[in-house]
Amino acid sequence: MTIWLVALVVGVVTVVFKAAGPLVLGQRSLPGPVADVVALLAPVLLAALVVTQTVGGDNRLVLDARLAGVGAGAAAIAVRAPLPAVVVAAAVTTALVRLFS
Amino acid sequence: MEAATYRDGVRAAVAIAATVWFFGASFGLVARAAGLGVLAPLVMSATTFAGSAQFAVVSILGTGGGAVAAIAAAVLLNARYVPISISVAPLFHGRRLRRLAEAQLIVDESWAISSRGHGRFDRGLLIGAGLALYVAWVGGTAVGVAGGEALGDPRALGLDGAFPALFLALLVPQLTDARARVAALLGGAIALALIPVTPAGVPIVAASAACLLGLWRRG
Chain A
0 MTIWLVALVV GVVTVVFKAA GPLVLGQRSL PGPVADVVAL LAPVLLAALV VTQTVGGDNR
60 LVLDARLAGV GAGAAAIAVR APLPAVVVAA AVTTALVRLF S
Chain B
0 MEAATYRDGV RAAVAIAATV WFFGASFGLV ARAAGLGVLA PLVMSATTFA GSAQFAVVSI
60 LGTGGGAVAA IAAAVLLNAR YVPISISVAP LFHGRRLRRL AEAQLIVDES WAISSRGHGR
120 FDRGLLIGAG LALYVAWVGG TAVGVAGGEA LGDPRALGLD GAFPALFLAL LVPQLTDARA
180 RVAALLGGAI ALALIPVTPA GVPIVAASAA CLLGLWRRG
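First to last, the protein sequences are chains A and B.
With numbering that gives the first Met the number 0, the residue at position 27 of the first sequence is 26, and numbering never jumps.
With numbering that gives the first Met the number 0, the residue at position 8 of the second sequence is 7, and numbering never jumps.
Here's what the structure looks like:
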């Protein structure tokens, strides 16, 4: 069955990807310039995730209710709301905008 | 900052784990509807543990696509875990098998929650949040394949808008200096520019090129 082949290959590849850093690098510290590059991974990948999850679609940009949800989340962040409140504000706004559009 | 316990990690992930649970349930549901059975989707959630790649596989196989296309899409989508796992490598110690097993708890949300800024990450938060999210994802999938029609569509509940807001909330505290701000802007711009022209997954991996700004000397 195709699904089992896909599940096996994708499972093994993903396990290897996730273990790549901890297995290959382990506790060794990175040389200075490499460490400076790796230190920026968090802000860069988080920004890329925000973009792809907000307007990403099937090979195209999709502007939909998620945009309003992220806007509400940004407002909650601006008033220093706790993380669960940010998540709930974004979900509720996305749902309401989708319901009335 | 004091190191967090696993329990702190679980606590930090509760709200997002609830959202992940719903998506796990909807993954189980659509996988079952696409004719992929009960066991295969569960095995996939337990071993792959990465939502976007799993949804891509189901949508490709469900619409008549082949194994090669499904595998290629999932591999591209999950390629980001190479740089992500490199960034948290120092948190893992002990025998190889233990490192391999614990590293499976790395997922976008647990990684983001464990970030302390300036390239530092907290082991307690990563492992605790990863465990909570793993249980939510596999548990949700089980409910979904068992027939979770009654739960409703996660999109109708607006849950797809919760993830970018979570990542934004975790991004903001990272923007402590000009270099991080410029790199984040550049990374976001690369992703935005590539979404319409590359397969899903590529925009995120390509965005990591913005990290090369780390070679720019501190002012």
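Even for Gly, the Cβ is constructed at its ideal location relative to N, Cα and C.
In three-state DSSP terms, what is residue i?
{"i": "ARG180 of chain B", "result": "helix"}
{"i": "SER114 of chain B", "result": "strand"}
{"i": "PHE26 of chain B", "result": "helix"}
{"i": "GLY10 of chain A", "result": "helix"}
{"i": "GLY218 of chain B", "result": "Legend: pLDDT at GLY218 of chain B = 49, less than 50; position of this residue unreliable, no value from coordinates given."}
{"i": "LEU156 of chain B", "result": "coil"}
{"i": "LEU191 of chain B", "result": "helix"}
{"i": "LEU104 of chain B", "result": "coil"}
{"i": "ALA88 of chain A", "result": "helix"}
{"i": "GLY55 of chain A", "result": "strand"}
{"i": "PRO198 of chain B", "result": "coil"}
{"i": "LEU29 of chain A", "result": "coil"}
{"i": "LEU39 of chain A", "result": "coil"}
{"i": "LEU60 of chain A", "result": "strand"}
{"i": "PRO82 of chain B", "result": "helix"}
{"i": "LEU174 of chain B", "result": "coil"}
{"i": "PHE97 of chain A", "result": "A small fix is needed here, since residue 97 of chain A is Arg in this sequence, not Phe. Of the three classes helix, strand and coil, the one that applies to ARG97 of chain A here is helix, per DSSP."}
{"i": "GLU148 of chain B", "result": "helix"}
{"i": "MET236 of chain B", "result": "Nothing in the structure corresponds to residue 236 of chain B, since chain B is present only between 0 and 218."}
{"i": "THR4 of chain B", "result": "coil"}
{"i": "PHE54 of chain B", "result": "helix"}
{"i": "PRO81 of chain A", "result": "coil"}
{"i": "LEU24 of chain A", "result": "helix"}
{"i": "ARG94 of chain B", "result": "coil"}
Between residue i and residue j, is the Cβ-Cβ spacing less than 8 Å?
{"i": "ALA104 of chain A", "j": "ALA88 of chain A", "result": "Because chain A spans 0 through 100 in this model, residue 104 of chain A falls outside it and cannot be assessed."}
{"i": "PHE91 of chain B", "j": "PRO30 of chain A", "result": "no"}
{"i": "GLY55 of chain A", "j": "ILE194 of chain B", "result": "yes"}
{"i": "ALA64 of chain A", "j": "GLY157 of chain B", "result": "yes"}
{"i": "LEU76 of chain B", "j": "SER51 of chain B", "result": "yes"}
{"i": "ILE105 of chain B", "j": "TYR80 of chain B", "result": "yes"}
{"i": "VAL5 of chain A", "j": "ALA69 of chain B", "result": "yes"}
{"i": "ASP164 of chain B", "j": "GLY10 of chain A", "result": "Asp is not the amino acid found at residue 164 of chain B; the sequence shown has Ala there. Not a contact, by the Cβ cut-off of 8 Å."}
{"i": "ILE85 of chain B", "j": "VAL37 of chain A", "result": "yes"}
{"i": "ALA75 of chain A", "j": "VAL85 of chain A", "result": "yes"}
{"i": "ALA73 of chain A", "j": "LEU167 of chain B", "result": "yes"}
{"i": "ALA47 of chain A", "j": "ILE203 of chain B", "result": "yes"}
{"i": "PRO172 of chain B", "j": "SER25 of chain B", "result": "no"}
{"i": "GLN53 of chain B", "j": "THR47 of chain B", "result": "yes"}
{"i": "TRP215 of chain B", "j": "ARG178 of chain B", "result": "yes"}
{"i": "ILE112 of chain B", "j": "LEU169 of chain B", "result": "yes"}
{"i": "LEU39 of chain A", "j": "ALA182 of chain B", "result": "yes"}
{"i": "GLY34 of chain B", "j": "GLY139 of chain B", "result": "no"}
{"i": "ALA199 of chain B", "j": "ALA55 of chain B", "result": "yes"}
{"i": "LEU82 of chain A", "j": "ALA17 of chain B", "result": "no"}
{"i": "ALA108 of chain B", "j": "VAL9 of chain B", "result": "The sequence given here has Glu at residue 108 of chain B, not Ala. Result no, Cβ atoms of GLU108 of chain B and VAL9 of chain B do not sit closer than 8 Å."}
{"i": "GLY160 of chain B", "j": "ALA90 of chain A", "result": "yes"}
{"i": "TRP110 of chain B", "j": "VAL87 of chain B", "result": "yes"}
{"i": "ALA141 of chain B", "j": "LEU28 of chain B", "result": "no"}
{"i": "ILE2 of chain A", "j": "GLY36 of chain B", "result": "yes"}
{"i": "PHE16 of chain A", "j": "ALA78 of chain B", "result": "yes"}
From the DSSP secondary-structure annotation, give me the bridge partner or partners of residue i.
{"i": "ARG119 of chain B", "result": "B:GLY116"}
{"i": "LEU60 of chain B", "result": "Partner(s): none; LEU60 of chain B has no beta bridge."}
{"i": "LEU125 of chain B", "result": "Per DSSP, none; premise fails for LEU125 of chain B."}
Give, in chain order, every residue of the stretch 58–83 of chain A whose Cβ lies closer than 7 Å to some Cβ of chain B.
ASN58, ARG59, LEU60, ALA64, ARG65, GLY68, VAL69, GLY72, ALA73, ILE76, LEU82 and PRO83
Inter-stretch contact (C-beta, 8 Å, three-pair minimum) for the stretch 60–72 of chain B and the stretch 109–120 of chain B
no
Using 8 Å as the threshold, is the stretch 121–135 of chain B in touch with the stretch 97–108 of chain B, meaning 3 or more CB pairs across them?
yes
Any chance the stretch 38–53 of chain A sits against the stretch 141–153 of chain B, with 3 or more Cβ pairs inside 8 Å?
no
For the stretch 173–188 of chain B against the stretch 38–47 of chain A, do three or more pairs of beta-carbon atoms, one drawn from each stretch, fall closer than 8 Å, so that the two count as touching?
yes
Give me the subset of the stretch 109–143 of chain B whose CB atoms are less than 7 Å from a CB atom of chain A, sorted by chain position.
Residues passing the 7 Å Cβ filter: ALA111, SER114, HIS117 and GLY118.
For the stretch 27–43 of chain A, list every residue whose C-beta sits within 9 Å of some C-beta in chain B, in sequence order.
ARG27, SER28, LEU29, PRO32, VAL33, ALA34, ASP35, VAL36, VAL37, ALA38, LEU39, LEU40, ALA41, PRO42 and VAL43
Short of 8 Å Cβ to Cβ, which residues in the stretch 69–96 of chain B face chain A?
Of all residues in the stretch 69–96 of chain B, those with a C-beta nearer than 8 Å to a C-beta of chain A are ALA69, ILE70, ALA73, VAL74, ASN77, ALA78, ARG79, TYR80, VAL81, PRO82, ILE83, SER84, ILE85, SER86, VAL87, ALA88, PRO89, LEU90, PHE91, HIS92 and ARG95, reading in chain order.
Near-chain A residues of the stretch 144–161 of chain B - C-beta to any C-beta below 8 Å
ARG154, ALA155, LEU156, GLY157, LEU158, ASP159, GLY160 and ALA161
Members of the stretch 7–33 of chain B that neighbour chain A once the beta carbon cut-off is set at 8 Å:
ALA11, VAL13, ALA14, ILE15 and THR18
Taking only beta carbons into account, state which residues of the stretch 2–19 of chain A come closer than 7 Å to chain B, listed in chain order.
ILE2, TRP3, LEU4, VAL5, ALA6, VAL8, VAL9, GLY10, VAL12, THR13, VAL14, PHE16, LYS17, ALA18 and ALA19
Please list the residues of the stretch 37–55 of chain B that have a C-beta atom closer than 7 Å to any C-beta atom in chain A, keeping them in chain order.
ALA39, VAL42, MET43, THR46, THR47, ALA49 and ALA52
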